[in-house]
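**Q**
2 protein chains.
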Amino acid sequence: MAILPSFADQWLLSRILEASGSAPIRLRVEGGGDISAPGAAPVATVLIRDRATLAHLVRDPEIGFGDAYMDGRIEVEGDLTRLLEAIYQGMERASKAGKWLSHVASKWLDVAQDNSWHGSRSNIQRHYDLGNDFYKLWLDDQMVYTCAYFPTPQATLEQAQVAKMDHICRKLRLQPGESVVEAGCGWGALALHMAREYGVSVKAYNISREQIAFARERAREQGLSDRVEYIEDDYRAISGKFDVFVSVGMLEHVGLDHFAEFSDAIHRSIGDTGRGLVHFIGRNYPAVFSRWIRKRIFPGGFVPSLEQSLSVLEPKNYSVLDVENLRMHYAKTLEHWLDRFEKSRQQVMAMYDSKFVRAWRLYLAGSLAAFRGGHLQLFQIVFTGAGREPIFWTRDPIYATDAAELGEPVAQEVREKVREKVRWTHAMS
Amino acid sequence: MAILPSFADQWLLSRILEASGSAPIRLRVEGGGDISAPGAAPVATVLIRDRATLAHLVRDPEIGFGDAYMDGRIEVEGDLTRLLEAIYQGMERASKAGKWLSHVASKWLDVAQDNSWHGSRSNIQRHYDLGNDFYKLWLDDQMVYTCAYFPTPQATLEQAQVAKMDHICRKLRLQPGESVVEAGCGWGALALHMAREYGVSVKAYNISREQIAFARERAREQGLSDRVEYIEDDYRAISGKFDVFVSVGMLEHVGLDHFAEFSDAIHRSIGDTGRGLVHFIGRNYPAVFSRWIRKRIFPGGFVPSLEQSLSVLEPKNYSVLDVENLRMHYAKTLEHWLDRFEKSRQQVMAMYDSKFVRAWRLYLAGSLAAFRGGHLQLFQIVFTGAGREPIFWTRDPIYATDAAELGEPVAQEVREKVREKVRWTHAMS
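Line order of the protein sequences matches chains P and Z. This note's numbering puts the last residue of the first sequence at 1397; the count rises by one with no breaks. This note's numbering puts the last residue of the second sequence at 1397; the count rises by one with no breaks.
(1) Tell whether a beta-carbon distance below 9 Å holds between V1288 (chain P) and F1230 (chain P).
(2) At the 9 Å Cβ level, is T1124 (chain P) part of the contact set with chain Z, yes or no?
(3) How big is the Cα-Cα spacing for Q978 (chain Z) and I1003 (chain Z)?
(4) Please compile the residues from chain Z whose C-beta is within a distance smaller than 8 Å of the C-beta of E1275 (chain P).
(5) Quick one: complete beta strand (DSSP E) runs, 3+ long, within the stretch 997 to 1073 of chain Z?
(6) Put G1334 (chain P) into one of helix, strand or coil per three-state DSSP.
(7) Straight-line CA distance for D1307 (chain P) to L1332 (chain P)?
(8) Output the distance between the C-alpha atoms of R1050 (chain Z) and T1241 (chain P), rounded to the nearest integer angstrom.
(9) Report yes if the C-beta distance between W1260 (chain Z) and E1030 (chain Z) is below 9 Å; otherwise report no.
(10) Who are the neighbours of L1289 (chain Z) on chain P, taking C-beta pairs under 7 Å?
(11) List the whole-angstrom C-beta distance separating G1217 (chain P) from G1152 (chain P), where the pair is believed to meet the contact cut-off of C-beta under 8 Å.
(12) Go ahead and pull the three-state DSSP assignment for Q1129 (chain P).
(13) What does a CB cutoff of less than 6 Å around R1264 (chain P) pick up in its chain, not counting 5 residues either side in sequence?
(14) Confirm, please, whether the CB-CB distance from G1342 (chain P) to R1356 (chain Z) is below 9 Å.
(15) Which residues mark the beginning and the end of the beta strand (DSSP E) in which H1247 (chain Z) is found?
(16) Could you tell me the alpha carbon to alpha carbon distance between A1205 (chain P) and I1238 (chain P), rounded to whole angstroms?
(17) Would you identify the three-state DSSP class for K1171 (chain P), choosing helix, strand or coil?
(18) Within 9 Å of any Cβ in chain P, is that where the Cβ of E1357 (chain Z) sits?
(19) Between the Cα of D1101 (chain P) and the Cα atoms of P:M1111, P:G1032, P:E1146 and P:P1121, which residue gives the shortest distance?
(20) Sort P:Q1129, P:Y1103 and P:A1299 by Cα distance to V1325 (chain P) and report the nearest one.
(21) Run through chain P and tell me which residues come within less than 7 Å of T1362 (chain Z), C-beta to C-beta.
(22) Does the beta-carbon of G1208 (chain Z) have 16 or more other beta-carbons within 10 angstroms, so that it is buried, or is it exposed?
(23) Give me the subset of the stretch 1331 to 1344 of chain P whose CB atoms are less than 9 Å from a CB atom of chain Z, sorted by chain position.
(24) Just the Cα atoms here: how many angstroms apart are S974 (chain Z) and L981 (chain Z)?
(25) Would you tell me roughly how many angstroms separate the C-alpha atoms of S1258 (chain Z) and G1269 (chain P), rounded to the nearest one?
(26) Hey, would you say G1334 (chain P) sits closer than 9 Å to L1052 (chain P), going by beta carbons?
(27) For V1149 (chain Z), tell me which candidate among Z:H1135, Z:G1007 and Z:H1235 has the shortest Cα-Cα distance.
(28) Interface residues of chain P around G1354 (chain Z) at Cβ under 7 Å?
(29) Would you mind stating whether A1116 (chain Z) and D1108 (chain Z) have Cβ atoms separated by less than 9 Å?
(30) Could you tell me the distance, in whole angstroms, from the CA atom of N1083 (chain Z) to the CA atom of G1191 (chain Z)?
(31) With which residues is A1151 (chain P) paired in a DSSP beta bridge?
(32) Run through chain P and tell me which residues come within less than 9 Å of M1296 (chain Z), C-beta to C-beta.
(33) May I ask which residues mark the beginning and end of the beta strand (DSSP E) holding T1352 (chain P)?
(34) Thinking C-beta only, is R1329 (chain P) closer than 9 Å to F1309 (chain P)?
(35) If the cut is a Cβ gap below 7 Å, which residues of chain Z does Y1096 (chain P) touch?
(36) Quick one: list the residues of chain Z neighbouring Y1113 (chain P), beta-carbon separation under 9 Å, in chain order.
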């Protein structure tokens, strides 16, 4: 009598393995059979606790895996991140033929999401208003929840988040007295950094109530409330004229069908003469965003290809000056987050429950796997109005550690900038 | 009796001024009326020698102006480049509403051109086989006919062309012993530079007979014939496997409808694991390429927007690592070319005729005006296969003038590279 279920198990397991693109993993049903792809040794084992879960995995591998892992109906023996890397790689290999089909699907799925004014507010609050105490457990001390910039792989997360903010300010060549508008400001660290270190004034928008409250409190503590204004509103509500537009990690929440509104918000703020930077998670080609992550973690999320993202800039005749891909920096950032998260596991458990812990572990490990394997990218795009001179003659000043080494005109610029910074710091104290 | 023609002149002139977007220029008919836009003082005067030319200008301003200037039926009093800048700016202002319509038009016009295997050969030979002696008069000593990279605006054209070649090799982080394929190699300078300075072997393709002959001769002179192979053939004929793909200033000749073939050529050469760089003239949004330039100078030319150009990379799952816009460097390059061209005017006149001189002056001045005004851009895109580690951890090594200043892991890389370069140079001598 044991033979029939075993045959059924084998057949179901082989279907699941096939859906993973025959990834080098082992699948095992508790108290039943197991399977692994021929060839390379399995990197980890997926233990499936019951046959209902097995059947769900066959019907819908992505949601089936995510929800069962969250519930504890699936356990992973071995390294979760490496398992997911192997599965993503296998799935990409298997889906090569269907790649352009998924472009169409991604458009459709995006429409099916609600990224309207009202929908965005509910989507964003569901994620970012989980409680500042939760995020404090595993983010850096300034609560920066976007890809960091590691000058070397050995830098700390705290150093790398400051370096990221400086990298952005240098690319934009912020000058004291200029005005900046920020779309999606998180807990407000970048706006404070720009005002404090570069002497600009900032108007920063966000629809997460908890983040805005935290940001305002920090601005007060640092005596920057007069030059950094946090506004609890949608990017579509941005008003006023500015020298610079910046948005770090928000485009992922806009949705393809709302890119034109995002584009309009940029153009309303900086017109044909301003400059700007958008920093966002992207991909190598258009594809569907993880359905499980949208269901459980980021409702309304959409990750564009670089080509898709340019529909924000080209209709407004903006010149793209610089695109940098920081994919491995996001992998490194996620290593830090996942490590800190695991170290705070008990506290998170006390705040929520084991389902929450497992869902967030899967989300962080899955994101790490996707950046490591090149399934996700991180793009920073610098742009200006068409008629303007570019921000720099060459990019050397962004990387200059000693202005004396540069040619005279460039050195001049850098020296002037340093002088202005010193002047400003004195004026502040 | 003089009143009627004068009224007709005024009406025709006002139509032409309107087509220029009311640019700050003066239009004058020889022995007749003149007109200029109200407001700003005219930057230069267009003198129209006869009424047939005036009528042609109304019917088809672009071809009408280009051909009449070439024939001497139009003279420009004042600075030709500044005049063209003013006209381009006015036309862009005037055509803002029709921008996306012209996207459709640009697709159609591209189809109307012949960039097939046979068509490309005839298009390319018409331009590049004008005679090496002609190009020697106004290009740098290595005959590099693409945008240079000026470390400072004061660098000479010769320095800037060498710096451009180094900039490309640094971005690609070429290592001794690697293999490179180049699509569209001009007179061969980059291939020689890569082999000589970075120790790689290069297979370089070009369908211009005169350029290939010149390049082979230079390779022989420099003793590099064993490591640089010049092949007189189309990019579609590229065969073999390589570490690196490079194409500088050739995408402009491919045509939108052949981007997929260009994409295939890249993927055949470097597969999913190689890296590459494409350097090309682009624009901020899709538009029609100058019809006059295609008629008289570059048959088959097509200049894509950045978004359009990504259709070369995204279908192959390549990761874009770095995009740099060198627009002002092309303006500077063109200033040098135009200046040298004007100084060689008598020699060019002796080789060809005054029509030829005037057509080329208009082409060089028009290109300079377009880059200055931001109507054309120059993009360098670096990309790799999706699974690969990025070429650099940060871009610092591209800009490093002293490795000691960089963090340890980066310094290590740079030192190793310098050591390898020295080793190689010794092995060569």
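Beta carbons are placed, not taken as given, at the ideal position from N, Cα and C, and that holds for glycine. Nothing here was measured: the structure is a model prediction, and the numbers come from that model.
**A** With the given structure in hand:
(1) Here residue 1288 (chain P) refers to the residue found at position 320 of the first sequence. Here residue 1230 (chain P) refers to the residue found at position 262 of the first sequence. Not closer than 9 Å, so no.
(2) Here residue 1124 (chain P) corresponds to residue number 156 of the first sequence, with the count starting at 1. No, T1124 (chain P) lies away from the interface with chain Z (no Cβ there is under 9 Å from its Cβ).
(3) Residue mapping note: residue 978 (chain Z) aligns to position 10 of the second sequence, counting from 1. Residue mapping note: residue 1003 (chain Z) aligns to position 35 of the second sequence, counting from 1. Counting only the Cα atoms, I1003 (chain Z) lies some 7 Å from Q978 (chain Z).
(4) For this step, residue 1275 (chain P) is matched to residue 307 along the first sequence. Listed by position along chain Z, the residues whose Cβ is nearer than 8 Å to that of E1275 (chain P) are E1275, L1278, S1279 and E1282.
(5) Fully enclosed beta strand (DSSP E) runs of 3 or longer: 1002 to 1004, 1012 to 1016 and 1042 to 1046.
(6) Walking along the first sequence from the start, residue 1334 (chain P) turns up at place 366. Of the three classes helix, strand and coil, the one that applies to G1334 (chain P) here is helix, per DSSP.
(7) On the first sequence, position 339 is the one that residue 1307 (chain P) refers to. On the first sequence, position 364 is the one that residue 1332 (chain P) refers to. Going from the Cα of D1307 (chain P) to the Cα of L1332 (chain P) covers about 10 Å.
(8) For this step, residue 1050 (chain Z) is matched to residue 82 along the second sequence. For this step, residue 1241 (chain P) is matched to residue 273 along the first sequence. Rounded to the nearest angstrom, the two C-alpha atoms are 20 Å apart.
(9) In the second sequence, residue 1260 (chain Z) corresponds to position 292, counting from 1. In the second sequence, residue 1030 (chain Z) corresponds to position 62, counting from 1. Cβ atoms of W1260 (chain Z) and E1030 (chain Z): closer than 9 Å.
(10) Here residue 1289 (chain Z) is taken as the residue at index 321 of the second sequence, counted from 1. Neighbours of L1289 (chain Z) on chain P, chain order: N1293.
(11) By one-based count along the first sequence, residue 1217 (chain P) stands at place 249. By one-based count along the first sequence, residue 1152 (chain P) stands at place 184. With 8 Å as the limit, G1217 (chain P) and G1152 (chain P) qualify as a contact, their Cβ atoms being about 7 Å apart.
(12) Translated into positions along the first sequence, residue 1129 (chain P) becomes position 161. Reduced to three states, the DSSP call for Q1129 (chain P) is helix.
(13) Residue numbering aside, residue 1264 (chain P) sits at position 296 when the first sequence is read from its first letter. In chain order, A1327 place their CB closer than 6 Å to the CB of R1264 (chain P), counting only its own chain and leaving out the 5 sequence neighbours on each side.
(14) In the second sequence, the residue the question calls residue 1356 (chain Z) occupies position 388. In the first sequence, the residue the question calls residue 1342 (chain P) occupies position 374. Inclusion of R1356 (chain Z) and G1342 (chain P) in the CB contact set at 9 Å is warranted, their separation being smaller than that value.
(15) Locating residue 1247 (chain Z) in the second sequence gives position 279, where the first residue counts as 1. Segment R1243 to G1250, the beta strand (DSSP E) holding H1247 (chain Z).
(16) Numbered from its first residue, the first sequence carries residue 1205 (chain P) at position 237. Numbered from its first residue, the first sequence carries residue 1238 (chain P) at position 270. Rounded to whole angstroms, the gap between the alpha carbons of A1205 (chain P) and I1238 (chain P) is 14 Å.
(17) Translated into positions along the first sequence, residue 1171 (chain P) becomes position 203. Note: K1171 (chain P) maps to strand in three-state DSSP.
(18) Translated into positions along the second sequence, residue 1357 (chain Z) becomes position 389. Output row for E1357 (chain Z): interface = yes.
(19) Residue numbering aside, residue 1101 (chain P) sits at position 133 when the first sequence is read from its first letter. Nearest in C-alpha terms to D1101 (chain P), of all of P:M1111, P:G1032, P:E1146 and P:P1121, is P:M1111.
(20) As a first step, residue 1325 (chain P) must be located in the first sequence, where it is residue number 357. In this structure, P:Y1103 is the residue among P:Q1129, P:Y1103 and P:A1299 with its C-alpha nearest to the C-alpha of V1325 (chain P).
(21) Looking up residue 1362 (chain Z) in the second sequence gives position 394. At a C-beta separation below 7 Å, T1362 (chain Z) has these neighbours in chain P: P1119.
(22) If you number the second sequence from 1, residue 1208 (chain Z) lands on position 240. When all chains shown are included, G1208 (chain Z) counts as exposed.
(23) The residues in question are G1341, G1342 and H1343.
(24) As a first step, residue 974 (chain Z) is located in the second sequence; it is residue number 6 there, counting from the start. As a first step, residue 981 (chain Z) is located in the second sequence; it is residue number 13 there, counting from the start. Distance between the alpha carbons of S974 (chain Z) and L981 (chain Z) is about 10 Å.
(25) For this step, residue 1258 (chain Z) is matched to residue 290 along the second sequence. For this step, residue 1269 (chain P) is matched to residue 301 along the first sequence. Going by the C-alpha atoms only, they are around 41 Å apart.
(26) The residue labelled residue 1334 (chain P) in the question sits at position 366 within the first sequence. The residue labelled residue 1052 (chain P) in the question sits at position 84 within the first sequence. Against a cut-off of 9 Å, the Cβ pair of L1052 (chain P) and G1334 (chain P) comes out as a contact.
(27) The residue you call residue 1149 (chain Z) lines up with position 181 of the second sequence. The candidate whose alpha carbon is nearest that of V1149 (chain Z) is Z:H1235.
(28) As a working mapping, residue 1354 (chain Z) is identified with position 386 in the second sequence. The sequence as given places Ala at residue 1354 (chain Z); Gly does not occur at that position. Under the 7 Å cutoff, chain P gives N1252 and G1342.
(29) Counting from one through the second sequence, the residue named residue 1116 (chain Z) turns up at place 148. Counting from one through the second sequence, the residue named residue 1108 (chain Z) turns up at place 140. Cβ atoms of A1116 (chain Z) and D1108 (chain Z): closer than 9 Å.
(30) Start at 1 with the first residue of the second sequence, and residue 1083 (chain Z) comes out as number 115. Start at 1 with the first residue of the second sequence, and residue 1191 (chain Z) comes out as number 223. For N1083 (chain Z) and G1191 (chain Z), the distance between alpha carbons rounds to 35 Å.
(31) Counting from one through the first sequence, the residue named residue 1151 (chain P) turns up at place 183. According to DSSP, which records beta bridges pairwise, A1151 (chain P) is partnered with P:Y1173.
(32) As a working mapping, residue 1296 (chain Z) is identified with position 328 in the second sequence. Residues of chain P whose Cβ lies closer than 9 Å to the Cβ of M1296 (chain Z) are, in chain order, E1357, P1358 and W1361.
(33) Looking up residue 1352 (chain P) in the first sequence gives position 384. Element bounds for T1352 (chain P): Q1345 to G1353.
(34) Within the first sequence, numbered from 1, the residue matching residue 1309 (chain P) stands at position 341. Within the first sequence, numbered from 1, the residue matching residue 1329 (chain P) stands at position 361. Their beta carbons are under 9 Å apart, which means F1309 (chain P) touches R1329 (chain P) by this criterion.
(35) The residue given as residue 1096 (chain P) occupies position 128 in the first sequence. Residues of chain Z with a Cβ closer than 7 Å to the Cβ of Y1096 (chain P) do not exist; the shortest Cβ-Cβ separation is about 29 Å.
(36) As a first step, residue 1113 (chain P) must be located in the first sequence, where it is residue number 145. Under the 9 Å cutoff, chain Z gives no residues; its nearest Cβ is about 22 Å from Y1113 (chain P).
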